[in-house]
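Peer 1:
Protein chains in written order, with the numbering used here: chain E, 115 to 564; chain X, 115 to 564.
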């Protein structure tokens, strides 16, 4: 098997057993990138030379049995909003086209400490907001890969790297992962440090993880989670060994909040989620219809107010002097959002607190909610990166979510389900996701890459 | 000695030793109230009958050696913004003139659990903001007692009750305590629950404690501190036994941020603080001039933006239908503050975070800062409750502060010093305050009460 096809966990195991060297893995990935990148545009910056130098050093270390950590010699893609020391970080914007960060984002330095190799920076929408990246969907290049973590999703789904960092403020990890047929994990707000990540919205920003298996997401989460004094929103909750508990045989109790999600789903998505439900039930899961809390109806409006006002406030000063360097969607958004009254912002925060409390109590009877990951498969065209409506509520309340591939449309586009778990209980969420993965994930690969 | 003259600690000790009954104490306080209240207007509601019934029961229990807690049988005054179950809570407003709360504020129920008797509700400015209470300064009735905890300060300073609850968003505990010649303690933001307290500003509101000695403040803090699941801003920091450590002989290192405070103080206040410094130095304290952090210059503006927009947002809905029931200052403030853009609010919050970090680092070389508690003694007239400029910065960053009486003006009005301590280290703050109290507090009593 070509090493680029290995999952993160498989590659790590082979490197630890000296059956694969970091350099062999990297060379296979670079070859894959060279063949696909001209069609897909997943990368802003490929750090080829540094990656090769590092892979050579790490190969020698591995040969001697000196392993830096669980990710020793594994190349990882980093969304281009994460600071990478001495490696250009553009945020997908002309404004930062020459910006070389003086330090690593906390999660990037944790990756390095675990032995990972920073392969390069992946495409993002402008400042992780609405102006799309040039990346194309590997399953059909006429379609968006989703956003804002567009490059990370396309790269992981095609084997350009086994895993990548993304981020999510609305639906920026779950949506592109689902559109590209891979695993996307958005852990609990406060689980992963955002220090050194260009902010969209302080209140809503999450680091996201993109992989091809649930086990890989668990490995990455174990490696990156934890309190960071440089991000005051992180918590000191214990970090369990997620991978060792993945095969827990407990029957998952799954709540289905049909009303909102079925009303807003295309027929193909509805058929897909119903098939998924049936398979899960046949496989022993307990599925029951769940009611969403009352405050859910205000969630999308309040989410948008918080996100846009925080983003606009962050950009206000730069916007005054460099308006023309912003792309059209953000250029229109900033001045509009600056007109939001503080009382609207504060009421939105109040709705957020209420929704957190109500969801905590609604979800108490279940291990997780199950919903479609997106209302439709990846839309045609690159003007929009699709609709985050199914993901934004969980970014709003900060509960952890994961998407698992659940089939293909007639036209061969991936669909995914989304699970929503309890705060700081990624363990149960990953267990249920692992069970879903076994019965739902189709054995197929992206095909519009030539 | 008349029992009303006893401090909280003295009264508690005598009750524990069966040398005083709760009923004797209450009767002495009620007699004092009956003689002074017509001149001072410290109370909105006096819960005379319930207090007598409770004091009788508690007297019998004490007689049998059955003590509910450290405050068994001690009557306490409660600012009229704290919910008291079945006891009217007006917030100083016409809008709530008939409001009977269905539950106790967390700190009120903690008082009850410790054996305290809720004596009544003390006067507050309207919704703890700018429209003054009818309360007069017991040292000179032509002068304001300060606000917003006007009634609590006047009641404690005249022996109507040994201690009272107040609150502080700008300077609402420290200022009236200093104007009335007593101890005011504003613990760290997050130390005391605000659940069941009518909010001014969620970000800035603190519960405050008013007593006549530092030891009493320590006793009250011990009784009330702690995490409350109903107030998500409270912390689970350990609560040391503050009283037993009060006489710690360590030399306090005190920083004096002269520049801002001297520039804004009257001559009498400057003379008083310089005398206080000299006495403390003679008494072994190390005093050195301290520099305030750069962000201090933006603190008052940012504090006002956060306070007024949060307050206006809280009142917005009621204001739409009952505008005419608000008093003039709040009636003018609400519509103005509703025009504040969210970006101004968010920037003010950013300044707050910066000021917290910078103050944390500036204060590292000292046990505390020492400043005058107020720019002047209590101003003449009841139209304004005075200037919170010396207190608001510490409400803004949430660091604990305490005021200790430090002398009288030529005209017989009290002056106080203010100490600013480290977050969640009320212990050292109380130790230093106790030392200050020994060398600074004049032996005199309010005299304009007849």
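Ideal Cβ placement from N, Cα and C applies to all residues, glycine included.
1. Nearest chain X C-beta to residue 129 of chain E closer than 9 Å, yes or no?
2. Is residue 458 of chain E close to chain X, meaning its C-beta is less than 9 Å from at least one C-beta of that chain?
3. Can you list, in chain order, the residues of its chain whose CB lies under 8 Å from that of residue 439 of chain X, leaving out five sequence neighbours each side?
4. Please report whether the beta-carbon of residue 505 of chain E lies at a distance below 9 Å from any beta-carbon of chain X.
5. Mind reading off the beta-carbon distance from residue 137 of chain X to residue 173 of chain X? Whole number of angstroms is fine, and I expect it under 8 Å.
6. Give the secondary structure of residue 475 of chain E by DSSP, where H, G and I count as helix, E and B as strand, and everything else as coil.
7. Going by Cα to Cα distance, which pick from X/509, X/526 and X/461 is closest to residue 490 of chain X?
8. According to the neighbour-count rule (16 or more other Cβ atoms, all chains shown, within 10 Å of its Cβ), is residue 213 of chain X buried or exposed?
9. Within the 9 Å Cβ cut-off, does residue 461 of chain E reach chain X?
10. For residue 281 of chain X, which option in X/336, X/239 and X/563 has the closest C-alpha, if you only look at C-alpha atoms?
11. Skipping 5 residues on each side, what residues in its chain have a beta carbon closer than 6 Å to that of residue 517 of chain E?
12. Assess contact between the region 472-481 of chain X and the region 363-373 of chain X, defined as three or more Cβ pairs (one per stretch) separated by less than 8 Å. Is contact present?
13. Just to confirm the assignment: which complete beta strand (DSSP E) runs, minimum length 3, are found wholly within the region 309-387 of chain E?
14. Determine the contact status of residue 473 of chain E and residue 504 of chain E, defining contact as a CB-CB distance below 9 Å.
15. Does the beta carbon of residue 569 of chain E come closer than 9 Å to any beta carbon on chain X?
16. Using the beta-carbon of each residue, which ones in chain X are nearer than 8 Å to residue 455 of chain E?
17. Please confirm whether residue 430 of chain X has its beta-carbon closer than 9 Å to some beta-carbon of chain E.
18. Buried or exposed, going by whether 16 or more other CB atoms sit within 10 Å of the CB of residue 178 of chain E?
19. Can the beta-carbon of residue 222 of chain E be found closer than 9 Å to that of residue 199 of chain E?
20. Taking the beta strand (DSSP E) that residue 482 of chain X falls in, what are its first and last residues?
21. Taking DSSP as the reference, what is the three-state secondary structure of residue 156 of chain E?
22. Return the chain-ordered list of same chain residues with a C-beta closer than 7 Å to the C-beta of residue 421 of chain X, the five sequence neighbours on each side being excluded.
23. State the Cα-Cα distance for the pair residue 331 of chain X and residue 323 of chain X, rounded to the nearest angstrom.
24. With 16 as the cutoff for other CB atoms within 10 Å, does residue 274 of chain X come out buried or exposed?
25. Are residue 228 of chain X and residue 310 of chain X close, meaning C-beta to C-beta below 9 Å?
26. Does the CB of residue 424 of chain X have a neighbour CB from chain E at under 9 Å?
27. Counting contacts by CB-CB distance shorter than 9 Å, is residue 427 of chain X in contact with chain E?
28. Taking the alpha-carbon positions, what's the residue 171 of chain E to residue 180 of chain E distance?
29. Please state whether DSSP places residue 151 of chain E in a helix, a strand or coil.
30. Can you tell which of X/130, X/455, X/152 and X/161 has the C-alpha that lies nearest to the C-alpha of residue 141 of chain X?
31. I want to check one thing, is the minimum distance from the CB of residue 370 of chain E to the heavy atoms of the ligand MG below 8 Å?
32. Can you confirm whether residue 346 of chain E, when its beta carbon is compared against all beta carbons of chain X, has any partner nearer than 9 Å?
33. With three or more beta-carbon pairs closer than 8 Å as the criterion, would you say the region 493-502 of chain X touches the region 390-407 of chain X?
34. Quick one: what does DSSP say residue 244 of chain X is sitting in, helix, strand or coil?
35. Taking only runs of the beta strand (DSSP E) that begin and end inside the region 266-290 of chain X, which ones reach a length of at least 3 residues, in chain order?
36. Using alpha carbons as the reference points, say which of X/230, X/495, X/519 and X/463 lies closest to residue 428 of chain E.
Peer 2: Walking through what the data contain:
1. no
2. yes
3. 207, 208 and 209
4. no
5. 4 Å
6. helix
7. X/526
8. exposed
9. yes
10. X/239
11. Same-chain partners within the cutoff: 288, 291, 292, 298, 487, 530 and 532.
12. yes
13. 320-325 and 367-370
14. no
15. Here chain E covers residues 115 to 564 and nothing more, so residue 569 of chain E does not appear.
16. 452, 453, 454, 455 and 456
17. yes
18. exposed
19. Yes, these two residues count as a Cβ contact at 9 Å.
20. 482-486
21. coil
22. Excluding positions up to five away in sequence, the list reads 283, 284, 314, 315 and 318.
23. 7 Å
24. buried
25. no
26. yes
27. yes
28. 11 Å
29. helix
30. X/161
31. Only the bare structure without any ligand can be found here, which leaves the ligand MG out of the picture.
32. For residue 346 of chain E, the nearest CB of chain X lies under 9 Å from its own CB, placing it at the interface with that chain.
33. Output reads no: the region 390-407 of chain X does not touch the region 493-502 of chain X.
34. coil
35. 277-282
36. When only C-alpha atoms are compared, the closest one is X/463.
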